[in-house]
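Number of protein chains: 2
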Amino acid sequence: MAFKVGLLGFGTVGTGTAAILRDRDRRNPLLQDIEIGRVGVKSLDKPRAIALDPDLLTTDLESIVTDPDIDIVVELIGGLEPARSLILKAIAAGKHVVTANKAVIARYGDELYAAANKAGVYILLEASVGGGIPIIKPLKESLGANRISQITGIVNGTTNYILTQMTEEGADFDAVLTEAQQLGYAEADPTADVDGLDAADKIAILASLAFGGRIDREAIYCEGIRQVSAEDISYAEKLGFTIKLLAIAQKTENRDNTLQVRVHPTLLPNAHPLASINGVYNAVLVEGEPIGQVMFFGPGAGEGPTASAVVSDILAIAGILKSAGKNTALNPLLSCSHQDYSAIAPMEEVVTRFYARFLCGDRPGVIGHLGTCFGKHEVSLESVVQIGFQDKLAEIVVVTHDVQEKNFRQALEEVRSFSALDSISIASVLRVF
Amino acid sequence: MAFKVGLLGFGTVGTGTAAILRDRDRRNPLLQDIEIGRVGVKSLDKPRAIALDPDLLTTDLESIVTDPDIDIVVELIGGLEPARSLILKAIAAGKHVVTANKAVIARYGDELYAAANKAGVYILLEASVGGGIPIIKPLKESLGANRISQITGIVNGTTNYILTQMTEEGADFDAVLTEAQQLGYAEADPTADVDGLDAADKIAILASLAFGGRIDREAIYCEGIRQVSAEDISYAEKLGFTIKLLAIAQKTENRDNTLQVRVHPTLLPNAHPLASINGVYNAVLVEGEPIGQVMFFGPGAGEGPTASAVVSDILAIAGILKSAGKNTALNPLLSCSHQDYSAIAPMEEVVTRFYARFLCGDRPGVIGHLGTCFGKHEVSLESVVQIGFQDKLAEIVVVTHDVQEKNFRQALEEVRSFSALDSISIASVLRVF
Ligand SMILES: NC(=O)c1ccc[n+]([C@@H]2O[C@H](COP(=O)([O-])OP(=O)(O)OC[C@H]3O[C@@H](n4cnc5c(N)ncnc54)[C@H](OP(=O)(O)O)[C@@H]3O)[C@@H](O)[C@H]2O)c1
Ligand SMILES: NC(=O)c1ccc[n+]([C@@H]2O[C@H](COP(=O)([O-])OP(=O)(O)OC[C@H]3O[C@@H](n4cnc5c(N)ncnc54)[C@H](OP(=O)(O)O)[C@@H]3O)[C@@H](O)[C@H]2O)c1
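Read top to bottom, the protein sequences are chains A and B. full-length UniProt numbering applies: residue 1 is where the first sequence begins, and numbers increase by one. full-length UniProt numbering applies: residue 1 is where the second sequence begins, and numbers increase by one.
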């Protein structure tokens, strides 16, 4: 039995996917049953890294998703449209769908899952989070017996590369970004990566699968790494922390069914399993009961790794079709379903530790005033360190105990109003894990 | 549709499994369809951590594996017999099988897989390696499109705990072993763990799945941690290494289809992803093409984590039965099949780096002699460090470049014969990653 795959897109991931599918000499015999039926692209003239029978190529992507010969549609064009419409049309035509598109799943996951379930087809998305790292399938299947309490991920390779370089070289954000762009680790327009939007898409997907509810993408708090400075990285190091852009989804303990979902740079204790994930690597830490902690680590992007994930989804569908035939019910472990929206706690209610750096004029009583502002809003301090002098201003770093974001913000307001006297300025504020 | 599970064994893992199955309030609706039909134990009088309907309990395990009401037999008694015979009888009676038993799979995997494939049932074994860590399913399914080149694991929690404690406390093996036994991290008879036998079972299973061939368990080189000394750990640290008990399976590059499969304490560079896996945690690093490196990290044992893996296998079978019914062909991604035995390279042919520590009388020319012995057998040295003095003897540590094990052994023989002059003794020899 042979299964025909229709590829939408033949760029980085599409090419990698075709490279695996056309290499017959692999350990998995099931790969022999999979054929590339059609390939949809934007331009027919573009030179391609893999020579394809020109008859396979088309710019008419609609004709692929409705082609009766195609069993599985693999969406690798990216972006919201026409990806979303093409996926919906493929589903309506009874095709199984594989996609690497985090943007479309994070925003239209519910719509797509509902359509797929109604049509009795699978929509699989292993490559949409963590590139080659097996995370979606392990989360849905291998950890399926667990109550998940928290997912913490380094899910954006560009920002992890930048932060790692800043840490190793003591360099500033802008310099490292330029270098990353030259090396191809960052896009010309780096916004989606450095402002945390890509990470927010991914944690939305993970949270919806782990907690079984729809996630309002717009409700995710999202802070990027542009304001992380070389100084803060170095002070964090002195205090035993590494700064990482974390994507976090966790159950709030005191409020039933409320989730915290957020992306921000975070000071991680060096002993934390995610603290040693460097460069373009990604990792996702899943915590639950009774499993405890498990972590999945690997390449978060790239042609080969991402294609490995795409092909594993194609194989999963082919394996089912081959063993059970085409007219069986969906396996509840592989299909995605969502009930209601998960309530997402407002950021002010999040409880976390904070790191803040202040520049203080050398007036007597300044540290005392800082302490008073914090005390007034029930922010208790774990450590206060005077790190050094900068332009004759004393640099003071505080790390708080766990505190409600709201209280901490109020305390900072208090400090700010005091600094109208021009003796304290807030140089940076970061969260601590 | 409800599926009935027959549990063989109700000890640590059996109790944990029942705890999950009887807790109806979990996120996975499929769990609602699974019922505990029978439970087989050795003693009916033993107090049990979970109260079971006494009618469920029996000491007649054969009656469970042939019970027409049972769909899935879960073998959690451990050991070779009666586990092997019971699994074979369950398969013959058309039951799907889930097992956590690495010993029986490492030795009789081929026989059990062949019987299962013939009978058209699954035999799943996620819990047999890495406790709660999803590794078997990701290896078979998520990484199914890859050519695996190497698997490197810390797959025994007891030895990893002991080595971690020795590293952190500078303590000797015997002292830490006693402590580990008191804490329940090591068994009264620690042989299977500390001599590397348990790790060898696990790497046999991983290698057979990753490379698709049968592994002769007896051909696995196996060296435990008894001879690792506090001194070597501390010298390794000074050189930038952490000592871990690694289980390694890798394709030999120059010899087609030959595998190296071995378990031994190893000096790992501190930057290696496995170097920071501490305590009872396990981790498995998989390398392949096109994925690159992926690592799976988590709790390698324990009631809850291991039960999480067992139940994920039960769910996998229930999901298939529920969606596809009972009379479908086996899904090739989930079933295990083996062709021929993999040829395992003899240890003498393995190429690796070595660490060796020598105690030398303070005679002129001793270091020169060491160098001569190594040079004669084409062992080139990466570093030679005189670390200190012990009982008036100079302590010299060498780290070699990559060298064939055979050549290194011959060089050591040469050193040994020279040491008949009583001026050099070999204090320890370890491999370096
Ligand atoms: N690259 C990675 O490392 C990576 C990792 C994880 C996930 N992903 C995801 O994988 C997807 C694909 O990424 P990529 O890096 O492979 O993208 P890419 O290199 O930019 O390739 C996009 C492909 O889609 C085609 N295409 C785009 N818009 C089209 C349209 N409107 N009509 C027809 N064809 C269209 C392009 O055609 P032409 O070739 O004719 O221009 C190109 O072949 C994205 O969702 C991305 O987020 C990528
Ligand atoms: N414990 C872990 O963390 C862990 C982790 C990974 C894998 N595993 C594997 O899981 C399996 C079970 O381990 P465990 O720790 O749960 O063992 P355990 O606590 O010793 O429990 C063994 C159970 O099997 C029953 N049993 C043993 N031999 C029997 C026989 N001949 N007839 C009937 N019943 C028999 C015992 O009955 P009684 O209760 O009446 O004595 C007991 O309920 C083993 O293969 C082990 O390697 C364990």
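Glycine is no exception: its CB is placed at the ideal position from the N, C-alpha and C atoms. Note that the coordinates shown come from a computational prediction; the quantities given were computed from them, not determined experimentally.
Under 9 angstroms (Cβ pairs) to chain A, residues found in the segment 28-55 of chain B | ASN28, PRO29, LEU30 and LEU31
Where GLU141 (chain A) meets chain B, residues with beta-carbon distance less than 9 angstroms | PRO134, LYS137, GLU141, SER312, LEU315, ALA316 and GLY319
With a cut-off of 8 angstroms, does the C-beta of GLU75 (chain B) fall near any C-beta of chain A?
-> no
Ignore the nearest five residues each way along the sequence and tell me which others in THR12 (chain B)'s own chain have a CB closer than 7 angstroms to its CB.
-> GLU303
Among B:ILE243, B:GLU126, B:LEU359 and B:GLU405, which one has its Cα closest to the Cα of LEU206 (chain B)?
-> B:GLU126
Along the chain, where does the alpha helix (DSSP H) that runs through GLY6 (chain A) open and close?
-> Note, GLY6 (chain A): premise wrong, no alpha helix (DSSP H); beta strand (DSSP E) at 3-8.
Proximal chain B residues relative to GLY144 (chain A), where beta-carbon distance stays under 7 angstroms = ASN28, SER312 and LEU315
Candidates B:GLY40, B:GLY9, B:ILE50 and B:GLY6: which alpha carbon is nearest ASP23 (chain B)'s?
-> B:ILE50
Residues of the segment 329-349 of chain B with Cβ closer than 8 angstroms to any Cβ of chain A, in chain order = ALA329, LEU330, ASN331, PRO332, LEU333 and LEU334
Pick helix, strand or coil for LYS251 (chain B), following the three-state DSSP scheme.
-> strand
If we ignore side chains and look at the alpha-carbon of each, how far apart do SER234 (chain A) and ILE105 (chain A) end up?
-> 37 angstroms
In the DSSP assignment, find the beta strand (DSSP E) that holds PHE296 (chain A) and state where it starts and stops.
-> 292-299
Taking only beta-carbon atoms, is GLN293 (chain B) less than 8 angstroms away from chain A?
-> yes
Indicate the three-state DSSP secondary structure (helix, strand or coil) for PHE211 (chain A) in the structure shown.
-> helix
For ASN117 (chain A), is the beta carbon positioned less than 7 angstroms from some heavy atom of ligand 2?
-> no
So, does the CB of ALA207 (chain B) fall closer than 8 angstroms to a CB anywhere in chain A?
-> no
Figure out for me which residue from A:SER425, A:ALA19 and A:ILE291 has the closest Cα to the Cα of GLU413 (chain A).
-> A:SER425
Evaluate LEU183 (chain B) with the Cβ neighbour count: other Cβ atoms within 10 Å of its Cβ, from every protein chain shown; 16 or more gives buried, anything less gives exposed.
-> exposed
Note down the Cα distance separating SER85 (chain A) from GLU405 (chain B), rounded to an integer number of angstroms.
-> 60 angstroms
Within this structure, are the beta carbons of VAL432 (chain B) and VAL399 (chain B) separated by less than 8 angstroms?
-> yes
CB-CB length for ILE87 (chain A) against LEU112 (chain A), believed under 8 angstroms | 6 angstroms
ALA180 (chain A) beta carbon less than 8 angstroms from that of THR158 (chain A) | yes
Can you list, in chain order, the residues of its chain whose CB lies under 7 angstroms from that of GLY170 (chain A), leaving out five sequence neighbours each side?
-> ALA230 and SER234
Could you work out which residue in A:ARG26, A:ARG27, A:GLY14 and A:LYS46 is closest to ARG38 (chain A) when comparing CA atoms only?
-> A:GLY14
Taking only beta-carbon atoms, is LYS322 (chain B) less than 8 angstroms away from chain A?
-> yes
Beta carbon proximity, MET128 (chain A) to chain B, threshold 8 angstroms | It is Ser, not Met, that sits at residue 128 (chain A) in the sequence shown. It does not; no Cβ of chain B falls within 8 angstroms.
Run down chain B in chain order and give the residues with a C-beta less than 9 angstroms from the C-beta of GLY9 (chain A).
-> Here the premise fails: no neighbours, minimum Cβ distance about 18 angstroms.
Could you have a look at residue 460 (chain B) and say whether DSSP puts it in helix, strand or coil?
-> This structure does not reach residue 460 (chain B), given that chain B is present from 1 up to 433, and the question cannot be answered.
Taking all protein chains shown into account, do 16 or more other C-beta atoms lie within 10 angstroms of the C-beta of SER337 (chain B), making it buried, or fewer, making it exposed?
-> exposed
Spell out a yes or no on whether the segment 288-304 of chain B and the segment 283-297 of chain A are touching, meaning 3 or more CB-CB pairs, one atom from each, closer than 8 angstroms.
-> yes
Residue(s) in a DSSP beta bridge with VAL429 (chain A) | A:ALA356
Between the segment 62-81 of chain B and the segment 89-96 of chain B, do at least 3 Cβ pairs fall closer than 8 angstroms?
-> yes
What number of angstroms, rounded off, separates the C-alpha of VAL263 (chain A) from the C-alpha of GLY288 (chain A)?
-> 20 angstroms
Whole angstroms is fine: what's the gap from PHE241 (chain A)'s alpha carbon to LEU268 (chain A)'s?
-> 5 angstroms
With 8 angstroms as the limit, tell me which residues of the segment 59-86 of chain B have their beta carbon closer than that to any beta carbon of chain A; keep them in chain order.
-> none
Which two residues bound the contiguous alpha helix (DSSP H) that contains LEU267 (chain B)?
-> That residue, LEU267 (chain B), is in no alpha helix (DSSP H); its beta strand (DSSP E) goes 258-269.
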